[in-house]
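A quick write-up on the structure given underneath.
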Amino acid sequence: MLALDPEDGTERWRAVDPVGSSPVVREGGRCYVGTRDGRIVAVDPGVEVAWSYDPFGEAIELTLRAPTLVAGTAAGEVRALDDADGPGGELWRRKVGGKVVALVQDDGGDVRVSAFGGKLRRLADGAHAGSDRWANRDGGTAQGGIAVAGGLVSGGTSPA
């Protein structure tokens, strides 16, 4: 993982094993990344590894709404972790079909998921955390990323 100055592109720091996901960053600069050996690593500014968590296989998609970090795996599982004081534990988990190819977490904490060969889904936060609020019903299967804007959720699908 590489951290660059946003103004001039100079390297600020470099850390962590070969990564398997895009990083996400929370307020204060803590970065989270999935590694190819199946861990999720939290790195604080200055290259200090805050914690390393070996949950369940390669995390290939991450999304964050502090203090909740949500990870999707190549094995088709989504897990929400509490990061208030380290990898504080699993809040919920859900099987979603195939390889998770995209995650988007909204301001309310719900998570939109696209899983290869599965459905586009909206998973609930709160009392019903991890359960479907909805899943697309058109018979198509998810194939790519998700975009949420202008009152719409759009994602790549293929016919059933």
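If you read the sequence shown in our numbering, its first letter stands for residue 335, the second for the next number, and so on.
From the three backbone atoms N, C-alpha and C, an ideal C-beta is built for every residue, glycine too.
Treat the numbers as computed from the prediction; the structure is a model and nothing was measured.
Hey, could you find the ends of the beta strand (DSSP E) residue i is sitting in?
i	result
S302	Outside the displayed range of the chain (335 to 494) lies residue 302, so it cannot be described from this structure.
D466	D466 to A469
D416	E411 to D416
S448	V445 to A449
A436	V434 to Q439
G362	Neither: G362 is in no beta strand (DSSP E) and is coded neither H nor E.
T402	T402 to T407
R346	E345 to R348
E395	A393 to R399
A463	Element bounds for A463: n/a, residue is neither H nor E.
For residue i, collect the residues of the same chain with a Cβ closer than 7 Å to its Cβ; drop the 5 residues on either side in sequence, then sort them by chain order.
i	result
A408	G391, E392, I394 and K433
L425	T402, A414, L415, D416 and A463
What would DSSP say about residue i, mapped onto helix, strand or coil?
i	result
A458	coil
A376	strand
K429	strand
G485	coil
G368	strand
E424	strand
Among the options, which has the Cα closest to the Cα of residue i?
i	options	result
A469	G479, H462 and V447	V447
P379	G362, L403 and G431	G362
A436	H462, S465, E345 and T397	T397
V439	A400, G485, G451 and G423	A small fix is needed here, since residue 439 is Gln in this sequence, not Val. Answer by Cα proximity: A400.
C365	D342, E341, T344 and A337	A337
F450	E424, I480 and A463	I480
R455	S488, D342 and A349	S488
D441	V482, A405, S465 and G343	V482
Considering only residues of the same chain and omitting the five flanking positions on each side of residue i, which have a CB-CB separation below 6 Å?
i	result
D459	G443 and D444
R467	R456 and A458
Look at the Cβ atom of residue i, then the Cβ atom of residue j, and state whether they are nearer than 8 Å.
i	j	result
V383	W347	no
V353	M335	yes
G368	S386	no
D388	R373	yes
Between which residues of its own chain and residue i is the CB-CB distance below 8 Å, once the five residues before and five after are set aside?
i	result
E411	F390, G391, R427, R428, K429, V430 and V434
T344	L338
Could one say the Cβ of residue i lies closer than 8 Å to chain D's Cβ atoms, at least one of them?
i	result
R413	Chain labels in this structure do not include chain D; a single protein chain is all it has.
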